[in-house]
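Colleague:
Number of protein chains: 2
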Amino acid sequence: MADGREIVYFDESDDADRALRDTRDLPASMPVPTIRYDARLDEWVGMSDHRQDRTYLPPDEQCPLCPSTSQRATEIPATSYDVVVFENRFPAFAVLPAGQEHGEEHDRSRERSGDGRCEVVCFTADHDSSFSALTPRRVGTVIEAWSDRTSTLSALPHVEQVFCFENRGKEIGVTLSHPHGQIYAYPFLPAATKQMLTAARAHRGRTWRNLFADLLAAEQESEERVVVRGEEWTAFVPFAARWPLEVHLYPHRQVPDLPSLTDAERAELAEVYLDVLRRMEAVFDDTLPYIAAWHQAPVRIDRDLAYLHLQVFSIRRAAGRLKYLAGSESAMGAFLNDVSPESAAKMLRDAR
Amino acid sequence: MADGREIVYFDESDDADRALRDTRDLPASMPVPTIRYDARLDEWVGMSDHRQDRTYLPPDEQCPLCPSTSQRATEIPATSYDVVVFENRFPAFAVLPAGQEHGEEHDRSRERSGDGRCEVVCFTADHDSSFSALTPRRVGTVIEAWSDRTSTLSALPHVEQVFCFENRGKEIGVTLSHPHGQIYAYPFLPAATKQMLTAARAHRGRTWRNLFADLLAAEQESEERVVVRGEEWTAFVPFAARWPLEVHLYPHRQVPDLPSLTDAERAELAEVYLDVLRRMEAVFDDTLPYIAAWHQAPVRIDRDLAYLHLQVFSIRRAAGRLKYLAGSESAMGAFLNDVSPESAAKMLRDAR
Chain H
355 MADGREIVYF
365 DESDDADRAL
375 RDTRDLPASM
385 PVPTIRYDAR
395 LDEWVGMSDH
405 RQDRTYLPPD
415 EQCPLCPSTS
425 QRATEIPATS
435 YDVVVFENRF
445 PAFAVLPAGQ
455 EHGEEHDRSR
465 ERSGDGRCEV
475 VCFTADHDSS
485 FSALTPRRVG
495 TVIEAWSDRT
505 STLSALPHVE
515 QVFCFENRGK
525 EIGVTLSHPH
535 GQIYAYPFLP
545 AATKQMLTAA
555 RAHRGRTWRN
565 LFADLLAAEQ
575 ESEERVVVRG
585 EEWTAFVPFA
595 ARWPLEVHLY
605 PHRQVPDLPS
615 LTDAERAELA
625 EVYLDVLRRM
635 EAVFDDTLPY
645 IAAWHQAPVR
655 IDRDLAYLHL
665 QVFSIRRAAG
675 RLKYLAGSES
685 AMGAFLNDVS
695 PESAAKMLRD
705 AR
Chain C
355 MADGREIVYF
365 DESDDADRAL
375 RDTRDLPASM
385 PVPTIRYDAR
395 LDEWVGMSDH
405 RQDRTYLPPD
415 EQCPLCPSTS
425 QRATEIPATS
435 YDVVVFENRF
445 PAFAVLPAGQ
455 EHGEEHDRSR
465 ERSGDGRCEV
475 VCFTADHDSS
485 FSALTPRRVG
495 TVIEAWSDRT
505 STLSALPHVE
515 QVFCFENRGK
525 EIGVTLSHPH
535 GQIYAYPFLP
545 AATKQMLTAA
555 RAHRGRTWRN
565 LFADLLAAEQ
575 ESEERVVVRG
585 EEWTAFVPFA
595 ARWPLEVHLY
605 PHRQVPDLPS
615 LTDAERAELA
625 EVYLDVLRRM
635 EAVFDDTLPY
645 IAAWHQAPVR
655 IDRDLAYLHL
665 QVFSIRRAAG
675 RLKYLAGSES
685 AMGAFLNDVS
695 PESAAKMLRD
705 AR
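Protein chains in written order, with our numbering: chain H, 355 to 706; chain C, 355 to 706.
#1: Specify, as a first and last residue, the run of the alpha helix (DSSP H) that Tyr627(H) falls within.
#2: Are the beta-carbon atoms belonging to Pro664(H) and Tyr627(H) less than 9 Å from one another?
#3: Pop quiz: Glu514(H) and Tyr540(H) are said to be a contact at Cβ under 8 Å. What is the actual Cβ separation, rounded to whole angstroms?
#4: Give me the residue from Glu600(C), Val580(C), Asn521(C) and Leu612(C) with the minimum Cα distance to Ile645(C).
#5: Among the residues of its own chain, which have a CB less than 6 Å from the CB of Trp597(H), if the five just before and after it don't count?
#6: Can you tell me where the beta strand (DSSP E) holding Met401(H) begins and where it ends?
#7: With a threshold of 16 other CB atoms inside 10 Å of the CB of Tyr678(C), please say whether the residue is buried or exposed.
#8: Is the beta carbon of Trp648(H) less than 9 Å from the beta carbon of Phe517(H)?
#9: Buried or exposed: where does Trp562(H) fall if 16 or more other Cβ atoms within 10 Å of its Cβ makes it buried?
#10: Given this structure, state the Cα-to-Cα distance separating Ser422(H) from Ala432(H), to the nearest angstrom.
#11: Return the CA-CA distance between Ser434(H) and Ala487(C), expressed in angstroms with no decimal places.
#12: Taking CB distances under 9 Å as the criterion, tell me whether Ile430(H) reaches chain C.
#13: Can you check whether the CB of Ile361(H) is closer than 9 Å to the CB of Gly468(H)?
#14: Return yes when the Cβ of Arg372(C) is within less than 9 Å of the Cβ of Gly494(C), no when it is not.
#15: Report the three-state DSSP secondary structure of Ser726(C) (helix, strand or coil).
#16: Our contact map puts Ala554(H) next to Phe542(H) with C-beta atoms below 8 Å; I'd like the distance itself, whole angstroms only.
#17: Here's a check: name, in chain order, each residue in its chain whose Cβ is nearer than 6 Å to the Cβ of Ile526(H), leaving out the five neighbours to either side.
#18: Using DSSP bridges, identify the partner residues of His649(H).
#19: Using a cut-off of 7 Å between C-beta atoms, extract the partners of Leu623(H) located in chain A.
#20: Under 8 Å Cβ to Cβ from Phe519(H), same chain only, skipping five residues before and after it: list those, please.
#21: Could you tell me the distance, in whole angstroms, from the CA atom of Val475(H) to the CA atom of Arg633(H)?
#22: Using three-state DSSP, classify Val520(H) as helix, strand or coil.
#23: If I'm right that Ala699(H) touches Phe590(H) with Cβ under 8 Å, what's the distance once you round it to whole angstroms?
#24: Per DSSP, Cys472(C) forms a beta bridge with which residues?
#25: Is the CB-CB distance between Leu631(C) and Val693(C) below 9 Å?
#26: DSSP on Asp392(H), reduced to helix/strand/coil?
#27: Starting from the beta carbon of Ser684(H), find every residue of chain C whose beta carbon is closer than 7 Å, and list them in chain order.
#28: As a quick exercise: from Ser463(H), Gln574(H), Glu622(H) and Trp587(H), pick the residue whose alpha carbon is nearest that of Tyr391(H).
#29: Relative to chain H, which residues along the stretch 505-529 of chain C have a C-beta separation below 7 Å, given in chain order?
#30: Between the Cα of Glu465(C) and the Cα atoms of Ser483(C), Asp365(C), Arg426(C) and Trp398(C), which residue gives the shortest distance?
#31: Taking the alpha carbon of Pro610(C) as the reference point, which residue from Pro490(C), Thr409(C), Val449(C) and Asp658(C) has its own alpha carbon closest?
#32: With burial defined as no fewer than 16 other Cβ atoms inside 10 Å of the residue's Cβ, what is the status of Ala393(C): buried or exposed?
#33: Could you tell me the boundaries of the beta strand (DSSP E) in which Arg670(C) lies?
#34: With a threshold of 16 other CB atoms inside 10 Å of the CB of Tyr410(C), please say whether the residue is buried or exposed.
#35: Going by alpha carbons, who is nearest to Ala688(C) out of Asp396(H), Leu380(H), Ala370(H) and Met355(H)?
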């Protein structure tokens with residue numbers, strides 16, 4: 355790309371023209387963000403002032419994620435694409451140019467450069483589509499892209515975890531409506547992953563078993579919160595769901611990450627993912643803002659404790675009503691859920 | 355109250371008539387909520403289906419937090435009040451009637467009754483006021499009310515922590531605009547408290563010192579993030595702030611909770627609290643949705659590790675712009691802050 359960022363096409367056919375160059379006059383890449391250590395909660399926080407200027411709800415005809423045309427150059431030089439991945443222009447984490455080091459003002463135990471990577475994944479060139487409207491074949495290509503990028507980003511020197519996700523809906527702050535997701539390669543272990551691994555380690559110590567495998571088995575046995583059960587994957591509302599609509603999707607086989615999935619697992623995942631998303635969108639007579647988050651094993655440690663799973667959840671609690679995180683959730687980390695997991699599961703089973 | 359809930363007046367003068375009765379015909383109290391154990395993250399989650407029906411953005415003339423009049427009976431039977439506290443009609447936690455037990459369907463290690471308490475604190479009878487518009491004297495009365503309720507609720511058999519807080523602004527889901535806060539008496543230790551105490555214990559093991567006292571001392575020494583420094587309290591933007599505007603307010607003396615404050619500490623708190631809130635509201639040319647959260651020591655354990663402090667933060671990141679929690683924050687617990695703590699502190703020092 356014109357400012358040196360990398361772009362990778364995932365094509366479903368061999369005849370695409372990928373020789374096109376990015377002709378835009380872009381400023382050199384942004385300052386590298388930093389991360390700071392929050393000693394009060396034992397967590398790292400990403401700091402990136404420059405993101406304040408990021409593109410905010412542009413009109414459709416200025417969408418930077420559409421293919422380029424002869425009239426207008428976008429982030430994607432090509433005139434069409436299937437799935438394309440490129441480095442985020444306003445990254446929360448970015449690889450430091452050689453020889454530079456950030457955070458020199460403070461002790462490195464408190465501040466370091468945010469030495470990871472942030473990528474954008476466009477699911478389709480069709481601006482008005484959505485993930486749930488993709489074909490299973492296209493979802494398969496997206497899974498290929500996630501898997502390929504997970505392998506590549508895992509090899510970067512300071513990356514601790516690779517997070518593939520989709521934020522959907524202006525109600526959760528999505529600033530571009532074109533169907534897309536993101537990949538964060540974190541230079542630290544995020545808090546939720548740390549908590550999960552600590553819980554999994556304690557469970558292993560008590561039972562000699564894997565925590566997530568036990569949770570999956572319990573849901574499969576009780577069936578009351580299962581939404582979709584396939585040959586390779588089971589989707590269920592967790593027993594202690596914290597969001598009004600929340601579904602977890604686990605492969606039946608304990609694997610650490612997306613690159614570890616077999617072809618059969620990938621094929622069924624595309625079907626079950628679409629089924630779950632379409633059910634979630636059908637529950638309320640209203641748009642569904644949602645977050646779809648892939649929990650993969652950390653890159654370097656505890657890979658045998660982790661268990662790949664997808665968490666999809668919405669902040670919609672009824673038509674016209676959203677769940678907000680207020681004092682209890684945001685300050686204390688104590689979630690309150692107004693929808694019982696069993697009734698959510700029933701709504702999802704009955705949906706479509 | 356008509357359905358058996360308790361109401362407590364905190365009067366600034368002795369001549370108020372508190373003999374008035376609640377004459378409304380209210381349904382008997384709500385079903386008792388439950389709490390469920392999330393084994394994946396080692397956290398408890400509050401479950402309360404009945405809260406879906408709670409009062410939602412009523413027009414001003416139907417506000418349930420205004421005093422009663424001869425035409426209309428509200429939640430407060432009195433025709434005027436200074437500060438009043440009463441049990442929430444739609445509680446996330448409530449004391450179980452004697453002889454009842456909830457969550458019988460599931461193992462008690464996974465589900466129990468939500469045996470705590472939720473209270474509403476009205477700061478003023480003036481519907482159109484706000485906390486930041488109160489007089490220091492009135493803030494003093496609110497502090498008295500918080501302190502008194504903390505002592506009372508701490509004595510309930512299953513309460514692990516008492517949380518006094520204010521959610522302000524429809525942007526964070528506040529459904530009643532009348533100036534009010536809430537008190538949650540949790541029947542479990544919230545996740546953030548657990549994390550803080552774990553961090554404080556590790557710090558003590560490494561240094562023989564209190565974590566929070568060390569954080570306060572470091573901020574006082576560097577001064578670059580200090581907003582207000584008094585005789586008894588210091589307010590600062592934390593080094594790794596996770597919200598665009600976030601201020602922490604610590605007493606200079608390590609105390610576990612609000613009841614432990616001296617008269618001098620209470621008096622200065624009222625002044626500094628108002629100063630901080632007014633500065634925060636002056637930064638952006640727009641309304642300020644905010645959360646003000648009191649972190650008190652747990653009721654029964656680790657009281658010597660904890661350090662009372664107030665956390666005030668806003669989701670406003672610029673006029674017309676909000677910070678949303680999306681995938682990284684909500685699914686991974688990895689916060690990204692677009693405003694540097696040093697520039698936030700400077701904006702706050704320059705405000706008013």
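Idealized CB from N, CA, C, for every residue including glycine.
Modeller: Inspection of the coordinates gives the following:
#1: For the purposes of this step, residue 627(H) is identified with residue 273 of the first sequence, where counting begins at 1. Unbroken alpha helix (DSSP H) run through Tyr627(H): Asp617 to Val637.
#2: For the purposes of this step, residue 664(H) is taken as the residue at position 310 of the first sequence. For the purposes of this step, residue 627(H) is taken as the residue at position 273 of the first sequence. Residue 664(H) is actually Leu in this sequence, not Pro. Note that the C-beta distance between Leu664(H) and Tyr627(H) is below 9 Å.
#3: The residue you call residue 514(H) lines up with position 160 of the first sequence. The residue you call residue 540(H) lines up with position 186 of the first sequence. In this structure Glu514(H) is in contact with Tyr540(H), their Cβ atoms being roughly 6 Å apart against a cut-off of 8 Å.
#4: Position 291 of the second sequence, counted from the first residue, corresponds to residue 645(C). When only C-alpha atoms are compared, the closest one is Asn521(C).
#5: Numbered from its first residue, the first sequence carries residue 597(H) at position 243. If we look at Trp597(H) and ignore the five residues flanking it on each side, its Cβ neighbours are Phe667.
#6: Taking the first sequence and counting its residues from 1, the one referred to as residue 401(H) is at position 47. Element bounds for Met401(H): Glu397 to Met401.
#7: By one-based count along the second sequence, residue 678(C) stands at place 324. By the 10 Å Cβ count, Tyr678(C) comes out buried.
#8: Along the first sequence, one-based indexing puts residue 648(H) at 294. Along the first sequence, one-based indexing puts residue 517(H) at 163. Yes. Within cutoff.
#9: The sequence position of residue 562(H) within the first sequence is 208, counting from 1. Exposed, by the Cβ-count rule.
#10: Start at 1 with the first residue of the first sequence, and residue 422(H) comes out as number 68. Start at 1 with the first residue of the first sequence, and residue 432(H) comes out as number 78. If you take the alpha carbons of Ser422(H) and Ala432(H), they lie about 6 Å apart.
#11: Here residue 434(H) corresponds to residue number 80 of the first sequence, with the count starting at 1. Here residue 487(C) corresponds to residue number 133 of the second sequence, with the count starting at 1. Each residue's alpha carbon lies about 57 Å from the other.
#12: On the first sequence, position 76 is the one that residue 430(H) refers to. By this cut-off, Ile430(H) is not an interface position.
#13: Taking the first residue of the first sequence as 1, we reach residue 468(H) at position 114. Taking the first residue of the first sequence as 1, we reach residue 361(H) at position 7. The answer is no: Cβ separation not under 9 Å.
#14: On the second sequence, residue 494(C) is found 140 positions in, with the first residue counted as 1. On the second sequence, residue 372(C) is found 18 positions in, with the first residue counted as 1. It is not a contact, given that the beta carbons lie outside the stated cut-off.
#15: Any property of residue 726(C) remains undetermined from this structure, which presents chain C solely from 355 to 706.
#16: Numbered from its first residue, the first sequence carries residue 554(H) at position 200. Numbered from its first residue, the first sequence carries residue 542(H) at position 188. With a Cβ gap of about 19 Å, Ala554(H) and Phe542(H) do not count as contacting.
#17: For the purposes of this step, residue 526(H) is taken as the residue at position 172 of the first sequence. Counting only Cβ-Cβ distances below 6 Å, and skipping sequence neighbours, we find Pro643.
#18: On the first sequence, residue 649(H) is found 295 positions in, with the first residue counted as 1. His663(H), per the DSSP bridge assignment.
#19: Here chain A cannot be found, since the structure's protein chains are H and C.
#20: Along the first sequence, one-based indexing puts residue 519(H) at 165. Excluding residues within five positions, the ones whose Cβ falls inside 8 Å are Gly535, Gln536, Ile537, Tyr538, Ile645, Ala646, Ala647 and Trp648.
#21: Here residue 475(H) corresponds to residue number 121 of the first sequence, with the count starting at 1. Here residue 633(H) corresponds to residue number 279 of the first sequence, with the count starting at 1. Approximately 23 Å, taken between the alpha carbons.
#22: By one-based count along the first sequence, residue 520(H) stands at place 166. Sequence inspection shows Glu at residue 520(H); the Val mentioned does not correspond to that position. Correct three-state label for Glu520(H): strand.
#23: If you number the first sequence from 1, residue 699(H) lands on position 345. If you number the first sequence from 1, residue 590(H) lands on position 236. Going by Cβ atoms, the distance from Ala699(H) to Phe590(H) rounds to 7 Å, so yes, they are a contact pair.
#24: By 1-based counting over the second sequence, the position of residue 472(C) is 118. The partner list for Cys472(C) (beta bridge, DSSP) reads Tyr538(C).
#25: Working through the second sequence from its first residue, we reach residue 631(C) at position 277. Working through the second sequence from its first residue, we reach residue 693(C) at position 339. A distance of 9 Å or more separates the beta carbons of Leu631(C) and Val693(C).
#26: Position 38 of the first sequence holds residue 392(H). Strand at Asp392(H).
#27: By one-based count along the first sequence, residue 684(H) stands at place 330. Going along chain C in sequence order, the residues near Ser684(H) (Cβ under 7 Å) are Ile645.
#28: Taking the first residue of the first sequence as position 1, residue 391(H) is located at position 37. Taking only the C-alpha atoms, the option nearest Tyr391(H) is Ser463(H).
#29: Within the stretch 505-529 of chain C, contact with chain H at the beta-carbon level (separation under 7 Å) is assigned to Phe517, Phe519, Asn521, Ile526 and Gly527.
#30: Residue mapping note: residue 465(C) aligns to position 111 of the second sequence, counting from 1. Nearest Cα to Glu465(C) within the set Ser483(C), Asp365(C), Arg426(C) and Trp398(C): Trp398(C).
#31: Here residue 610(C) is taken as the residue at index 256 of the second sequence, counted from 1. Selected option, being the one with the closest Cα: Asp658(C).
#32: Position 39 of the second sequence, counting from 1, holds the residue named residue 393(C). Counting Cβ neighbours within 10 Å, Ala393(C) comes out buried, since at least 16 surround it.
#33: Translated into the one-based positions of the second sequence, residue 670(C) becomes position 316. Its beta strand (DSSP E) spans residues Arg670 to Ala672.
#34: Locating residue 410(C) in the second sequence gives position 56, where the first residue counts as 1. Counting Cβ neighbours within 10 Å, Tyr410(C) comes out exposed, since fewer than 16 surround it.
#35: Stepping through the second sequence from its first residue, residue 688(C) is reached at position 334. That would be Asp396(H), whose Cα lies nearest to the Cα of Ala688(C).
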